[in-house]
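J.: My questions all concern the structure below.
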Amino acid sequence: MINLGIVGLGGWGKNLVNAIQGKSDNIQFVAAANRTPAKVADFCQEKNIRLSDDVSLILGDADINAVVVAGPSQLHAEVAMAALEASKHVMVIKPLALFKKDAEALRKKAEERGLVLAMGYDRCFHPASDELRKCVAAGKLGKIVHAEGNFCVDRHRGLPEGDWKGFDENSHPGSLTDHMLYRMIELLGPVESLTVQAARHAATADISDTAAISLKFTSGISGSLTAIGVTPAFHRLHLFGTEGWAEIRNDRRFEFKPLKGDSTVIEFPVFDALHAQLESFAAAINGERAYPVSPEDAVAGVAALEAMGRSAKSGQTEIV
Numbered sequence: 275m276i277n278l279g280i281v282g283l284g285g286w287g288k289n290l291v292n293a294i295q296g297k298s299d300n301i302q303f304v305a306a307a308n309r310t311p312a313k314v315a316d317f318c319q320e321k322n323i324r325l326s327d328d329v330s331l332i333l334g335d336a337d338i339n340a341v342v343v344a345g346p347s348q349l350h351a352e353v354a355m356a357a358l359e360a361s362k363h364v365m366v367i368k369p370l371a372l373f374k375k376d377a378e379a380l381r382k383k384a385e386e387r388g389l390v391l392a393m394g395y396d397r398c399f400h401p402a403s404d405e406l407r408k409c410v411a412a413g414k415l416g417k418i419v420h421a422e423g424n425f426c427v428d429r430h431r432g433l434p435e436g437d438w439k440g441f442d443e444n445s446h447p448g449s450l451t452d453h454m455l456y457r458m459i460e461l462l463g464p465v466e467s468l469t470v471q472a473a474r475h476a477a478t479a480d481i482s483d484t485a486a487i488s489l490k491f492t493s494g495i496s497g498s499l500t501a502i503g504v505t506p507a508f509h510r511l512h513l514f515g516t517e518g519w520a521e522i523r524n525d526r527r528f529e530f531k532p533l534k535g536d537s538t539v540i541e542f543p544v545f546d547a548l549h550a551q552l553e554s555f556a557a558a559i560n561g562e563r564a565y566p567v568s569p570e571d572a573v574a575g576v577a578a579l580e581a582m583g584r585s586a587k588s589g590q591t592e593i594v
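When you number the sequence shown by the working numbering, it's gap-free, plus one each residue, and the end is 594.
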């Protein structure tokens with residue numbers, strides 16, 4: 275059994291614990307560090323998790339094999355590096371870091387120590403994502419010429435005052451689109467350059483709530499991303515090819531339209547992607563199979579997100 279420590283038990287951290295605790299023969303949470311332990315004391319007692327406000331208690335515990343970093347994004351790199359230096363395998367909930375240099379430092383440290391560095395990105399585990407991978411690998415799309423992604427949620431309206439997500443320096447304009455960006459990078463390769471148009475329309479915090487991003491991949495393929503934080507939920511990833519197109523919509527609906535013939539639509543049932551993500555982390559630690567998001571792709575995603583922040587400020591195309 276792999277014993278996990280988790281740093282940061284906000285809403286997403288609790289989701290991770292709920293997805294796996296008592297439901298796996300391979301992995302479990304045994305300790306947590308949270309800035310305000312009183313807020314999660316009852317939760318940790320219920321889940322049989324030791325709790326403190328001191329990360330070093332997790333890093334210094336020889337019985338803990340790996341650490342999940344689930345706190346504010348501006349702390350990801352610092353905490354993850356400390357965990358790697360303590361010889362712990364690490365899962366960092368996306369993004370790996372806010373800056374490419376920090377993400378690359380994490381990748382190198384993990385490689386030097388022979389440790390697993392996994393980026394927590396649950397959408398890549400959905401069956402619809404597997405269907406898209408198979409479609410691309412089989413050449414059903416022909417030559418892919420363009421990709422589009424939309425990630426729209428009502429998240430930026432009503433952010434509590436002082437919330438770390440309510441600052442552009444912590445959540446680069448357009449960063450909501452990383453839900454679609456990472457799958458694009460996996461299938462199409464790294465982004466070479468991008469241009470961002472960002473604006474604030476309805477967010478209560480002083481943050482860009484709408485962004486349109488134009489992409490150029492190193493492969494020469496073009497792409498576009500739309501990130502909106504003040505509308506009803508809409509999630510879409512669409513690849514266009516010379517022999518057909520394929521779309522994932524709201525994670526569970528997959529459609530393939532060939533150049534000739536009718537569309538094929540698959541509606542997948544509800545799937546626990548967080549459980550699959552943590553089981554995959556365990557399998558990577560045990561050497562059974564590689565974690566599906568490579569460290570190189572995770573770094574490439576951070577580089578693109580950092581460039582989005584620069585482009586939103588400069589109004590110019592930025593090299594990634």
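Note that the Cβ used here is the ideal one computed from N, Cα and C, for glycine as well.
Since this is a predicted model, take the numbers as computed values, not measurements.
What three-state label does DSSP hand A472 in the structure shown?
T.: Position 198 of the sequence shown, counted from the start, is the residue given in the question as residue 472. A472 falls in the strand class under three-state DSSP.
J.: How about L552 and I301: do their beta carbons lie closer than 7 angstroms?
T.: To locate residue 552, count along the sequence shown from 1; it is residue 278. To locate residue 301, count along the sequence shown from 1; it is residue 27. In contact: L552 and I301 (Cβ atoms closer than 7 angstroms).
J.: For S445, which three-state DSSP category applies?
T.: Residue mapping note: residue 445 aligns to position 171 of the sequence shown, counting from 1. Looking at S445 - three-state DSSP - the assignment turns out to be coil, as it is neither helix nor strand.
J.: Return the residue from the list A402, K374, L283, M355 that minimises the CA-CA distance to D545.
T.: Residue numbering aside, residue 545 sits at position 271 when the sequence shown is read from its first letter. The identity of residue 545 in the sequence shown is Phe, whereas the question assumes Asp. F545 has its Cα closest to that of A402, out of A402, K374, L283, M355.
J.: Given a cut-off of 7 angstroms, decide if I502 and G448 are closer than it, judged by their beta-carbon atoms.
T.: Sequence index remark: in the sequence shown, residue 448 carries index 174 (1-based). Sequence index remark: in the sequence shown, residue 502 carries index 228 (1-based). No.
J.: Could you please give the first and the last residue of the uninterrupted beta strand (DSSP E) stretch that includes Q551?
T.: Residue 551 sits at position 277 when you count from the first residue of the sequence shown. Run containing Q551: none in the beta strand (DSSP E); it sits in the alpha helix (DSSP H), 547-559.
J.: Taking DSSP as the reference, what is the three-state secondary structure of Q595?
T.: With the chain covering only 275 through 594, there is no way to say anything about residue 595.
J.: Tell me the rounded alpha-carbon separation between I522 and S361.
T.: Translated into positions along the sequence shown, residue 522 becomes position 248. Translated into positions along the sequence shown, residue 361 becomes position 87. Near 38 angstroms, if we compare the C-alpha coordinates of S361 and I522.
J.: Quick one: Cα of S496 to Cα of H420, how far?
T.: Here residue 496 refers to the residue found at position 222 when the sequence shown is read from its first residue. Here residue 420 refers to the residue found at position 146 when the sequence shown is read from its first residue. Distance between the alpha carbons of S496 and H420 is about 5 angstroms.
J.: Please identify the residue among D316, A305, W519, S347 whose C-alpha is closest to the C-alpha of I332.
T.: Numbered from 1 along the sequence shown, position 58 holds the residue referred to as residue 332. Cα-wise, what sits closest to I332 is A305.
J.: Less than 7 angstroms separating the beta-carbons of E580 and F373?
T.: For this step, residue 580 is matched to residue 306 along the sequence shown. For this step, residue 373 is matched to residue 99 along the sequence shown. Closer than 7 angstroms, so yes.
J.: For the alpha helix (DSSP H) that A379 lies in, which residues bound it at each end?
T.: Within the sequence shown, residue 379 is the residue found at index 105, counting from 1. Here the alpha helix (DSSP H) through A379 covers 374-387.
J.: Would I418 and G575 qualify as a contact pair, given that the criterion is a beta-carbon distance under 7 angstroms?
T.: Here residue 418 refers to the residue found at position 144 when the sequence shown is read from its first residue. Here residue 575 refers to the residue found at position 301 when the sequence shown is read from its first residue. No.
J.: So, helix, strand or coil for G503, using DSSP?
T.: Locating residue 503 in the sequence shown gives position 229, where the first residue counts as 1. Reduced to three states, the DSSP call for G503 is coil.
J.: Taking the continuous alpha helix (DSSP H) assigned at H350, which residues delimit it?
T.: Counting from one through the sequence shown, the residue named residue 350 turns up at place 76. Unbroken alpha helix (DSSP H) run through H350: 350-359.
J.: May I ask which residues mark the beginning and end of the beta strand (DSSP E) holding G518?
T.: Here residue 518 is taken as the residue at index 244 of the sequence shown, counted from 1. First-last of the beta strand (DSSP E) with G518: 518-523.
J.: Contact defined as beta carbons within less than 8 angstroms: I believe A476 pairs with R431. What is the distance between those atoms, to the nearest angstrom?
T.: Numbered from 1 along the sequence shown, position 202 holds the residue referred to as residue 476. Numbered from 1 along the sequence shown, position 157 holds the residue referred to as residue 431. About 6 angstroms; that satisfies the 8 angstroms criterion.
J.: Name, in chain order, the residues that DSSP records as bridge partners for T484.
T.: In the sequence shown, counting from the first residue as 1, residue 484 sits at position 210. In the DSSP output, where bridge partners are listed per residue, T484 has A473, I502.
J.: Measure the alpha-carbon distance for S298 versus A340 and round it to whole angstroms.
T.: Numbered from 1 along the sequence shown, position 24 holds the residue referred to as residue 298. Numbered from 1 along the sequence shown, position 66 holds the residue referred to as residue 340. Near 16 angstroms, if we compare the C-alpha coordinates of A340 and S298.
J.: Give me the residue from E517, L415, K375, H509 with the minimum Cα distance to E570.
T.: The residue labelled residue 570 in the question sits at position 296 within the sequence shown. Among E517, L415, K375, H509, the Cα nearest to that of E570 is on K375.
J.: Sorted by chain position, which residues of the same chain lie with C-beta nearer than 8 angstroms to P329's C-beta, five sequence neighbours on each side aside?
T.: Against the sequence shown, residue 329 aligns to sequence position 55. As written in the sequence, residue 329 is Val, which differs from the Pro given in the question. Excluding positions up to five away in sequence, the list reads V281, A307, V353, A356.
J.: Which two residues bound the contiguous beta strand (DSSP E) that contains K531?
T.: As a position in the sequence shown, residue 531 is number 257, starting the count at 1. Its beta strand (DSSP E) spans residues 527-532.
J.: Rounded to the nearest angstrom, what separates E466 and S585 at their Cα positions?
T.: For the purposes of this step, residue 466 is taken as residue 192 along the sequence shown, with counting starting at 1. For the purposes of this step, residue 585 is taken as residue 311 along the sequence shown, with counting starting at 1. Rounded to whole angstroms, E466 to S585 spans 13 angstroms at the Cα level.
J.: Can you give the Cα-Cα distance for R527 and L278, rounded to whole angstroms?
T.: By one-based count along the sequence shown, residue 527 stands at place 253. By one-based count along the sequence shown, residue 278 stands at place 4. Approximately 33 angstroms between the Cα atoms of the pair.
J.: Identify the residues that DSSP records as bridge partners of R510: which are they?
T.: Walking along the sequence shown from the start, residue 510 turns up at place 236. Its beta-bridge partners are N424, R523.
J.: Look up A392 in the DSSP assignment and give the residues it is bridged to.
T.: As a working mapping, residue 392 is identified with position 118 in the sequence shown. Answer by DSSP bridge pairing, in chain order: M365.
J.: Should R397 and H453 be called a contact, given that it needs their Cβ atoms to be closer than 7 angstroms?
T.: Residue 397 sits at position 123 when you count from the first residue of the sequence shown. Residue 453 sits at position 179 when you count from the first residue of the sequence shown. Yes, these two residues count as a Cβ contact at 7 angstroms.
J.: Find the nearest neighbour of T484 within the set T500, T478, S493, judged by alpha-carbon distance.
T.: In the sequence shown, the residue the question calls residue 484 occupies position 210. Out of T500, T478, S493, T500 has the C-alpha closest to the C-alpha of T484.
J.: Give me the Cα-Cα distance between G416 and P369, rounded to the nearest whole angstrom.
T.: Within the sequence shown, the letter at position 142 stands for residue 416. Within the sequence shown, the letter at position 95 stands for residue 369. Taking the straight line from one Cα to the other gives about 31 angstroms.
J.: In whole angstroms, give me the CA-to-CA distance for F555 and A473.
T.: Residue 555 sits at position 281 when you count from the first residue of the sequence shown. Residue 473 sits at position 199 when you count from the first residue of the sequence shown. Distance between the alpha carbons of F555 and A473: 37 angstroms.
J.: What does the alpha-carbon distance come out to for the pair F317 and F303?
T.: Residue numbering aside, residue 317 sits at position 43 when the sequence shown is read from its first letter. Residue numbering aside, residue 303 sits at position 29 when the sequence shown is read from its first letter. Answer to the nearest angstrom: the Cα atoms are 12 angstroms apart.
J.: DSSP state of G589, grouped into three classes?
T.: Taking the sequence shown and counting its residues from 1, the one referred to as residue 589 is at position 315. G589: coil per DSSP, three-state reduction.
J.: Between the alpha carbons of P464 and G561, how many angstroms are there, rounded?
T.: Indexing the sequence shown from 1 puts residue 464 at position 190. Indexing the sequence shown from 1 puts residue 561 at position 287. Rounded to the nearest angstrom, the two C-alpha atoms are 26 angstroms apart.
J.: DSSP has E541 in a bridge; who is on the other side?
T.: Indexing the sequence shown from 1 puts residue 541 at position 267. Paired residues: R527.
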